[in-house]
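What follows is a single structure, written as structure tokens, with notes after it.
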Amino acid sequence: MVKVDGVDGVEKRLIRGLRVLREDLWTLRAAPLPPSVWLRWLPHGLVCLVGFGVAVANADQFAQGYRLGPQFGLWCATAQGVAVALAVWRPVPAWWLSTVVTVVVALGARQQMLGPGRIEPPWPWGPPGLVAQCLVLFLLALRLPTRVSAEVLAVTALVTYGLEGVLGGASYTPTGALGVALFAGVVVLGTALRGRRVARHQLVEQAGITADERARRTLLEERNRIARELHDVVAHHMSVISIQAQVAPHLVENPPRELRENLDGIRQNALEALAELRRVLGVLRSENPDDPYGLGATGGATADAPQPTLDRLDALIENTRAAGLDVVSEVRGPAPVYPPGVQLSAYRIVQEALSNAMRHAPGARVRVELTHRPDGLCLEMTNSRPTRPAARPTGAESGAGAGMGHGLLGMRERAAMLGGRVTAHPTLHGGFCVLAFLPRDGTARPTGPDEDTEPPDGMELFFPDPPPTGDHTP
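Under our numbering, the residues of the sequence shown are numbered 6 to 479, in order.
As structure tokens, then:
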């Protein structure tokens with residue numbers, strides 16, 4: 006964002022044309038394609054295709070290899086193919102169906118192996134049956150808890166042992182050990198993939214909860230800080246009221262007794278309120294009174310120092326320059342008398358913007374502009390592109406209070422408290438800009454339904470990208 010001030014109509018139209026061109030050719034994103042029904046059902050279709058292939062291969066195995074007859078073999082092969090397709094929606098019934106078909110076919114093949122014209126097929130699991138059972142177990146392990154997968158694997162191994170180890174047969178190629186090994190492998194693979202998916206889902210949920218809690222905690226901390234500072238302002242006014250109530254009787258000759266009593270009551274109430282405020286302030290005062298500007302430098306302030314106002318902005322900027330940041334400032338218009346809350350919030354917004362520029366844009370040049378308007382105070386803090394990468398926070402800086410990405414929350418909270426607003430956007434040249442408007446009297450101005458909420462005239466934004474969710478990173 007760049008501020009446009011004092012350019013003629015031709016230059017404005019040119020700038021707007023460049024902005025539209027940039028949005029069309031650089032920042033405009035195409036709408037995502039609608040989800041395709043074919044792509045969504047592609048895995049189901051592949052599983053059904055495998056089930057069809059298993060049915061065809063088993064039909065030949067059961068009819069020719071096990072000599073069960075074309076009709077009976079076709080029914081059993083079809084049932085096992087249906088079990089593969091059913092595993093996508095109902096994995097446990099699919100496993101039961103596939104296992105029962107395998108047992109029935111194995112017992113029928115055993116009779117053929119013991120009768121005349123003995124055969125020597127792979128038994129009790131044929132190759133298509135192994136594929137079907139592996140796929141069913143894999144889909145079951147993907148969908149159900151590990152306990153169920155382990156129980157199913159144990160029952161499958163027990164059935165295999167009963168067929169091959171207990172019943173046995175005549176001459177055949179044993180496939181029990183190979184089948185149990187394959188079944189265990191696919192169950193372990195499916196369980197691992199399911200655990201990974203569940204862990205990622207839980208991690209995403211926890212990250213969302215952590216981000217919400219972090220934003221809420223940051224907001225509460227900023228509100229607590231605002232409450233501390235406003236307590237200081239109220240304490241100052243209560244002191245003034247007490248002094249004025251004490252001095253007022255001496256400004257009038259022979260003041261009435263009722264006037265003296267009322268003024269004494271006002272002074273007494275102000276002193277009592279001031280005493281209570283001091284007790285609260287003893288708890289709410291800043292834990293680091295030696296850093297009045299919040300920039301990590303010792304300023305020699307004490308816990309009883311008054312809250313900063315606009316008069317102390319020069320000291321803040323000088324302190325920031327001393328910390329190594331190149332800052333220039335400009336004030337436009339005559340400065341009216343602002344309420345203490347407006348001055349305090351303006352000071353803190355400038356302070357936070359300078360602190361963010363120092364942390365996230367090392368080596369950048371920062372421009373601070375204050376514009377006094379009839380209806381309020383406009384603040385603009387713009388930094389250029391950083392000349393070197395920002396240092397990663399270490400030690401205490403990486404704790405809960407730093408690097409959270411919520412520094413702009415405090416600015417918006419302060420402005421909203423006074424009926425103002427804050428906008429923050431990256432600039433065209435890789436920097437960052439913070440714009441704030443605070444009403445002159447510290448109260449919100451009623452707006453109509455068709456009235457915009459953009460910054461006042463003279464604060465036009467170039468290429469306004471969507472605002473970031475946390476602290477700005479130039």
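Backbone N, C-alpha and C define an ideal beta-carbon position, used for all residues, glycine too.
Being a predicted model, the structure only gives us computed values, none of them experimental.
- Between the alpha carbons of T428 and A420 lies a distance of about 10 Å.
- The Cβ-Cβ distance between W100 and V141 falls below 7 Å.
- Looking at H377, L144, E169, N267, the one whose alpha-carbon comes closest to that of M118 is E169.
- The Cβ atoms of G368 and T387 lie no closer than 7 Å to each other.
- Listed in chain order, the non-local C-beta contacts of V347 below 7 Å within the same chain comprise L382, L423, L443, G447, local neighbours out to five positions each way being set aside.
- Remark: C-beta atoms of G56 and A90 approach each other more closely than 7 Å.
- Here Q356 is buried. Its C-beta has 16 or more other C-beta atoms within 10 Å.
- Distance from the CA atom of Y166 to the CA atom of V191, rounded to whole angstroms, is 19 Å.
- Under the DSSP assignment, D65 falls outside any beta strand (DSSP E), being part of the alpha helix (DSSP H) whose first and last residues are 47 to 65.
- Under the DSSP assignment, T151 falls in the alpha helix (DSSP H) whose first and last residues are 151 to 166.
- Assigned with DSSP and collapsed to three states, T387 falls in strand.
- The beta carbon of Y352 is closer than 6 Å to those of P313 in its chain, skipping five residues each way along the sequence.
- If you ignore the 5 residues before and after A146, its C-beta comes within less than 6 Å of the C-beta of S154, V192, G195, T196, all in its own chain and listed in chain order.
- The Cβ atoms of R326 and V333 lie no closer than 7 Å to each other.
- Apart from sequence neighbours up to five positions away, the residues of its chain that approach P339 with a beta-carbon distance below 7 Å are H377, ordered along the chain.
- Our two residues, R115 and A92, have alpha carbons roughly 28 Å apart in a direct line.
- Counting only runs that start and end inside the segment 305 to 354, the beta strand (DSSP E) elements of at least 3 residues fall at 331 to 337.
- Between L135 and G184, the C-beta spacing is below 7 Å.
- When the beta-carbon positions are compared, G329 and R390 stay at least 7 Å from each other.
- C438 has T387, H430 as its beta-bridge partners, per DSSP.
- Only exposed fits G270, as fewer than 16 other CB atoms lie within 10 angstroms of its CB.
- Of P345, V109, L384, the smallest CA-CA separation from R337 is found for L384.
- Shown here for V87: not one same chain residue has a beta carbon closer than 6 Å to its own, the five before and five after excluded.
- Minimum Cα-Cα distance from R372 among the listed residues E335, R364, G78, R265 corresponds to E335.
- For V93, no beta strand (DSSP E) segment is defined, and its DSSP state is neither H nor E.
- Shortest Cα-Cα distance from A362 to any of V439, L414, D316 involves V439.
- In the three-state reduction of the DSSP assignment, W130 falls in the coil class.
- Spanning the alpha carbons of G181 and P127 requires a straight line of approximately 9 Å.
- Per DSSP, reduced to three states, the secondary structure at L423 is coil, with no helix or strand assignment.
- In this structure A441 is buried. Its beta-carbon is surrounded by 16 or more other beta-carbon atoms within 10 angstroms.
- E266 and E281 have their alpha carbons spaced roughly 23 Å apart.
- The C-beta separation of A159 from L414 comes to about 55 Å, leaving the pair out of contact by the 8 Å criterion.
- By the CB criterion at 7 Å, C139 and V106 fall outside the cutoff.
- Less than 7 Å divides the Cβ of P133 from the Cβ of A62.
- Exposed is the label assigned to Q211, since fewer than 16 other Cβ atoms lie within 10 Å of its Cβ.
- Between the alpha carbons of A250 and P345 lies a distance of about 21 Å.
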